[in-house]
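Comments concern the structure below.
Numbering (the numbering used here), first residue to last: 2 to 394.
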């Protein structure tokens, strides 16, 4: 990686860290032993193509009966129920409380500054759009490869066919994560589901028994039925612009956005979330290569207010450049970052519960006057065409 790329990555990570570091720990709900049934709730999402809501029998006639030491969890909205060990703490996901549920055990070392606990997650990940379980797993791996290290030499997660709740699934026992993770991919009733467990039982000896018990109890009792919800799903085809002779459509399924960029530009192989183009500006101030580029990032809004998220993430800015605006109808702030070897144009855009970031460089008429037309063209085309849809999960 060139020095210029390393420096760009450092600033780009600053934007991401600004959002991620402000998030509080996940609040865990308190579970009660059987016979009471816990029912998840769902809030309808934002527009376009509506998911179908199908009437179903009383889940109590389908779901297993809690036994000693287990509790029944039922989500009518998400179309599943399961038993879990009562000693585990049940809690909704911090960012997707209507679609993801966590089961968390006690930390392995309560006195340590950094420790680990068993964490089993069951996630409703939206319409499968024709994929089966194996295709879902493969697509997930392909889309997550760059960010999670699957494309490194010698790293190829091994897939195993299995059956859960009478439904065919794909088990991957070595999904990269902070701690080694197990993942189970399922498509049932046209919906994608992902069950994860970390750490894997064999990864940390003192948690092996609890991890095994959690996994076996949930997967052996997991029962599916048609979900009852009126959530809407916005897909790329619903909102993305059409490429022209002078532009190319760029779609980021995981990020939930698409935009047009000049046809002479392309994604950077080193940083796939960055578009680069124009002439090589040569070695500058110790940097081997400098080219016109636009990087796009995103992070969860979390407990920030939109007003807080629309403040520049660095103090090293030109105060005269700060401008409150909108991008594709969403509130945004635009400013020039001056803390690096050259000036950059930056933006933060608040879209529902996500914050998107733009970093365009070099935006420097003094050091790179020949690059400014390319960077401005890239910025204008992207900011005028960007559209947002539901991230693929």
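Backbone N, C-alpha and C fix where the C-beta goes; we use that ideal spot for every residue, glycine too.
The C-beta distance from residue 372 to residue 329 rounds to 25 Å, too long to fall under 8 Å, and the pair is not in contact. Taken atom to atom, the span from the alpha-carbon of residue 257 to that of residue 160 is near 27 Å. Less than 8 Å divides the Cβ of residue 100 from the Cβ of residue 124. Of 112, 85, 84 and 104, the smallest CA-CA separation from residue 93 is found for 104. Put simply, the backbone Cα of residue 323 is about 4 Å away from that of residue 336. In chain order, 84 and 222 place their CB closer than 6 Å to the CB of residue 65, counting only its own chain and leaving out the 5 sequence neighbours on each side. Buried is the label assigned to residue 356, since at least 16 other Cβ atoms lie within 10 Å of its Cβ. Between residue 213 and residue 272, the alpha-carbon positions lie close to 38 Å from each other. Between residue 91 and residue 215, the CB-CB gap reaches or exceeds 8 Å.
Rounded to the nearest angstrom, the gap between the Cα atoms of residue 165 and residue 98 is 24 Å. Between the alpha carbons of residue 291 and residue 206 lies a distance of about 49 Å. For residue 345, the secondary structure class from DSSP, reduced to helix, strand or coil, is strand.
Here residue 376 really is in contact with residue 361; their C-beta atoms are around 5 Å apart, less than 8 Å. As summarised for the stretch 56–129, the continuous beta strand (DSSP E) elements at least 3 residues long and confined to that stretch are 71–76, 81–86, 90–93, 101–105 and 120–128, given in chain order. A straight line joining the alpha-carbon of residue 348 with that of residue 331 spans about 12 Å. Straight-line measurement puts the Cα of residue 141 at about 24 Å from the Cα of residue 203.
Here residue 297 really is in contact with residue 359; their C-beta atoms are around 6 Å apart, less than 8 Å. Taking every protein chain shown into account, the CB of residue 114 has fewer than 16 other CB atoms within 10 angstroms, so this residue is exposed.
Straight through space, the alpha carbons of residue 319 and residue 183 are spaced by roughly 47 Å. The alpha-carbon of residue 178 is positioned some 12 Å away from that of residue 158. Residues of the same chain with a CB within less than 6 Å of the CB of residue 175, apart from the 5 flanking positions on each side, are 158 in chain order. Counting C-beta atoms within 10 angstroms of its own C-beta, residue 308 has fewer than 16 neighbours from the protein chains shown and is therefore classed as exposed. DSSP, reduced to helix, strand and coil, places residue 268 within a strand of the structure shown. Distance between residue 169 and residue 368, taken at the CA atoms: about 59 Å. Closest in C-alpha terms to residue 86, from the list 74, 341 and 194, comes 74. Looking at 386, 200, 139 and 230, the one whose alpha-carbon comes closest to that of residue 107 is 200. For residue 214, the enclosing alpha helix (DSSP H) stretches over residues 209–222.
Pairing residue 282 with residue 370, the inter-Cα distance amounts to about 11 Å. It is roughly 13 Å from the alpha-carbon of residue 198 to the alpha-carbon of residue 210. Short of 7 Å from the beta carbon of residue 188, and not among the five residues preceding or following it, lie these beta carbons of its own chain, in chain order: 129, 132, 133, 134 and 137. Rounded to the nearest angstrom, the gap between the Cα atoms of residue 340 and residue 145 is 31 Å. Just so you know, the alpha carbons of residue 121 and residue 185 end up roughly 11 Å apart.
Secondary structure in the stretch 228–286: the beta strand (DSSP E) runs of 3 residues or longer, each lying completely within the stretch, are 248–253, 258–263 and 275–278 in chain order.
Between the alpha carbons of residue 79 and residue 225 lies a gap of roughly 9 Å.
Buried is the label assigned to residue 67, since at least 16 other Cβ atoms lie within 10 Å of its Cβ.
The beta carbon of residue 310 sits closer than 8 Å to the beta carbons of 20, 302, 349, 351 and 356 from its chain, once the five residues preceding and following it are set aside; these are given in chain order.
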